[in-house]
Amino acid sequence: MKTRRSDRIALLLCFTLLYLAGITFAQEKEVEVKYQVIRLSFEEIVPSLITIQLGTVVIWVNEDSKPTEIQFTNAAGMVIACDGSKNYIADPEKIISQMIPYAGVESICLVQRGKFKYVVKRGSQELKGTIIVE
């Protein structure tokens, strides 16, 4: 009788320890969100060249009164992710954002290393920028 009782206690203790270990492993870890803001002013992109880590969210803020569009010109094989990327039209050669109104924002999360050039278009005006993902 003692053996069965001690076996049950040992089994109960094992399940309790596994349960507590599961709670410890299941707890969410705090994730640091990395982002880089780029200002699109009247005559320039600030900054026009950035170097970011993989998975960083790039946010463009349109400070010009004209609607603006972002076009990645070397998009062959470019991989984007995150929710903001749904506002882009992609074809094999270009990735193009929707029009960004005054005081509007657009974002993209790059999940591929490389050097990506883009053009900010406002009517006939074009400004060039580069994102390097390490």
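For any residue, its number in the numbering used here is found by taking its place in the sequence shown, counting from 1, and adding 79.
All C-beta atoms in this analysis are idealised placements derived from N, C-alpha and C, irrespective of residue type, glycine included.
Residue(s) in a DSSP beta bridge with residue i
| i | result |
| --- | --- |
| Tyr167 | Ser176 |
| Tyr114 | Val136 |
| Phe151 | Ile174 and Tyr197 |
Secondary structure of residue i, DSSP reduced to three states
| i | result |
| --- | --- |
| Lys145 | coil |
| Gly202 | coil |
| Asp162 | Confidence in Asp162 is poor, its pLDDT being 48 and thus under 50, which makes the residue's placement unreliable; the coordinate value appears in the next sentence. In the structure shown, Asp162 sits in a helix (DSSP, three-state: H, G or I). |
| Glu213 | coil |
| Tyr197 | strand |
Residue i versus residue j: straight-line alpha-carbon distance, rounded
| i | j | result |
| --- | --- | --- |
| Gly183 | Val125 | 16 Å |
| Gly163 | Val190 | Only weak support is given to the placement of Gly163: the predicted model assigns it a pLDDT of 47, under 50, and the question is left unresolved by the model. |
| Ile211 | Val116 | 14 Å |
| Val140 | Cys188 | 15 Å |
| Lys142 | Tyr181 | Before going further, note that residue 142 is Glu rather than Lys in the sequence given. Straight-line Cα distance between these residues: approximately 6 Å. |
| Lys113 | Thr147 | 24 Å |
| Thr135 | Glu205 | 25 Å |
| Gln150 | Ile129 | 16 Å |
| Lys145 | Arg201 | 7 Å |
| Arg192 | Ile131 | 9 Å |
| Ala105 | Ser176 | With a pLDDT of 49 at Ala105, under the threshold of 50, the predicted position of this residue should be treated as unreliable, though the coordinate-derived value follows. About 38 Å. |
| Glu122 | Ile138 | 18 Å |
| Ser127 | Glu185 | 16 Å |
| Ser120 | Tyr197 | 16 Å |
| Lys207 | Val199 | 6 Å |
Range of the contiguous beta strand (DSSP E) that encloses residue i
| i | result |
| --- | --- |
| Thr130 | Leu128 to Ile131 |
| Val184 | Val184 to Leu189 |
Beta-carbon contacts of residue i that lie in its chain and below 8 Å, excluding the five residues immediately before and after
| i | result |
| --- | --- |
| Lys173 | Gln150, Phe151, Thr152 and Ala154 |
| Glu213 | Thr130, Ile131, Gln132, Leu133 and Arg192 |
Sequence-distant residues of its chain with Cβ nearer than 6 Å to residue i (five each side left out)
| i | result |
| --- | --- |
| Met178 | Pro146 and Glu148 |
Residues of its chain near residue i, where Cβ-Cβ distance is below 7 Å and the 5 sequence neighbours each way are ignored
| i | result |
| --- | --- |
| Ile168 | Ile175 |
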